[in-house]
Amino acid sequence: MRNKNKSKLSIMSIIRNITVNPLLQIAIIAIAIIIVIAGLYWLNKDNSISIEENKKIDLTPTMIKSIEDIGEWEFLQINDEELADTTKHGFFGDSELVRIYYGTLRLGINLHETNKDWIKVDNDTIKATLPQIKLLDNDFIDEARTKPFSETGTWTDKDRKSLYTKAYKAMRSRCMTTENINKAKENARVQFDNILHSMGFEYVKIQFDK
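Residues in the sequence shown are numbered from 1 upward in steps of one, following the numbering used here.
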């Protein structure tokens, strides 16, 4: 019985000391806070919260249409001229028709001719498959600039049309070469790379229909 009374007196003495001594109060509060923090850490040590910035940019139908609405896009322009001639042999002598033709050949693509799903996002890369490079304007000869170089004898409109066709084929063949088409393709890649980067896409891959 005496021991119990002594224990009660000791506890009461400790409580009294805590009440009286403010430093002891602060120490106990600090210890309690440390215990609570350690307990929370132990409970949540296997749970992690990560915040990642979503840098993915969605390719919307509006964005695709804005590109397709460009329509014809020129990537190489070639100014050319052709000296074409034809001769007719007659009983009283030869007749000769010579003309100089000028033209501007524009190589590029028509974005209205793209296939379905021609542009799409694959993981972190946007891929665009463009139509083949072609001659954008088949009427490239400027007839207003055509100059007669020499004309002897009598010639019909049919003869002149035939000479025009001869010059047309020569100019087209000379300009629509593999080298010029590759130049236009390279220019197209650079232009599309720039436009897609400006829309926020970091990785861009450009290819052409086969």
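No residue lacks a Cβ here, since even glycine has one placed at the ideal position from N, Cα and C.
Everything numeric in this text was worked out from a predicted model, so none of it was measured.
Asked	Found
Entirely enclosed alpha helix (DSSP H) segments - the segment 112 to 198, minimum 4 residues	157 to 175, 178 to 198
Sheet register partners of D85 (DSSP bridge)	V98
Residues near I141 in its chain [Cβ-Cβ closer than 8 Å; skip 5 each side]	Y101, Y102, G103, Y164, A167, Y168, M171
Straight-line gap, I64 to F192 (C-alpha atoms, nearest Å)	13 Å
Bridge partners - E74, DSSP secondary structure assignment	G108
Top-ranked residue by Cα proximity to P146, from E72, L59, E81	Before going further, note that residue 146 is Thr rather than Pro in the sequence given. Looking at the Cα atoms, E81 is the closest of the given residues.
Between the CA atoms of S173 and A128 - distance to the nearest angstrom	29 Å
Proximity below 8 Å, CB of K183 to CB of L83	no
Contact under 8 Å by Cβ, G153 with I133	no
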